[in-house]
Amino acid sequence: VFVELVPWADRSRENNLASGRETLPGLRHPLSSTQAQTATREVQVSGTSEVSAGPDRAQVVVRVSSTKEAAAEAKKSVCRRLDYITQSLQQQGVQAENITVTKDFRRVENAYHMEAEVCITFTEFGKMQNICNFLVEKLDSSVVISPPQFYHTPGSVENLRNSWNPSSTSQPTITPR
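For the sequence shown, UniProt numbering begins at 1 and goes up steadily by one.
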């Protein structure tokens with residue numbers, strides 16, 4: 001925080017202003033005694049602050065894919081692993097509203113390719129790590145787990161902004177005594 005107070009050169013100058021014999025810089029006429037008595041000195045304060053906090057959410061994406069000559073085989077392969085993933089998540093206490101599944105099925109040259117993504121949002125980072133480790137151990141290399149993407153929810157960002165609330169936003173004034 002930076003503060004600037006411009007002092008009077010000496011007490012006699014302040015008395016001259018009060019009697020109307022001297023002008024303030026930038027004034028063309030001497031101050032009347034009433035104006036001089038009501039003149040105030042100001043302290044101007046400016047500053048910056050910084051607040052930081054760890055993320056409150058993390059998102060992990062699990063991708064499952066299969067390419068087979070028969071469409072039914074590609075679908076079955078992906079759906080079997082997809083069911084295993086979603087059941088494992090539910091058994092570990094991940095709520096359904098924190099799980100989003102998208103599927104894509106297409107023909108690639110002379111085969112069928114199916115891909116599914118499971119997007120999981122976590123608030124408990126320890127649980128996230130345990131689930132990711134579990135899925136890596138239990139599923140084959142056709143399952144890819146992204147590194148977690150940590151972030152702040154809009155509500156937590158707003159709470160951070162409000163966590164430092166200055167007691168007064170007005171500029172203080174100092175009057176000579």
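For every residue, glycine included, the Cβ atom is placed at its ideal position computed from N, Cα and C. These figures come from a predicted structure and were not determined experimentally.
Can you name the start and end residues of the beta strand (DSSP E) that residue i belongs to?
i    : result
S146 : Counting along the chain, S146 falls outside any beta strand (DSSP E), and DSSP gives it neither H nor E.
V51  : Segment: none, V51 is in no beta strand (DSSP E) and carries neither H nor E.
Looking at residue j and residue i, is the spacing between their C-beta atoms short of 9 angstroms?
i           : j    : result
Q92         : N130 : yes
A72         : A111 : no
L82         : V118 : yes
A53         : C79  : no
D56         : S163 : no
L135        : S88  : yes
residue 181 : L139 : Residue numbering for the chain in the displayed model covers 1 to 177; residue 181 lies beyond these limits and cannot be assessed.
F150        : A70  : no
V51         : R161 : yes
T67         : V108 : yes
K103        : M114 : yes
Any idea what DSSP makes of residue i, helix, strand or coil?
i    : result
E158 : helix
V108 : strand
T86  : helix
E115 : strand
V60  : strand
Q91  : helix
S163 : helix
V78  : helix
E69  : coil
R177 : Any reading at R177 must be qualified, since the residue scores a pLDDT of 41, below 50, and its modelled position is unreliable; the value itself is stated next. It is coil, neither helix nor strand.
Since residue i is in the alpha helix (DSSP H), which residue starts that stretch and which ends it?
i    : result
V136 : F125 to K138
Query raised in the report: Should the stretch 50 to 65 be regarded as contacting the stretch 139 to 152, the criterion being three or more beta carbon pairs within less than 8 angstroms?
Result: yes
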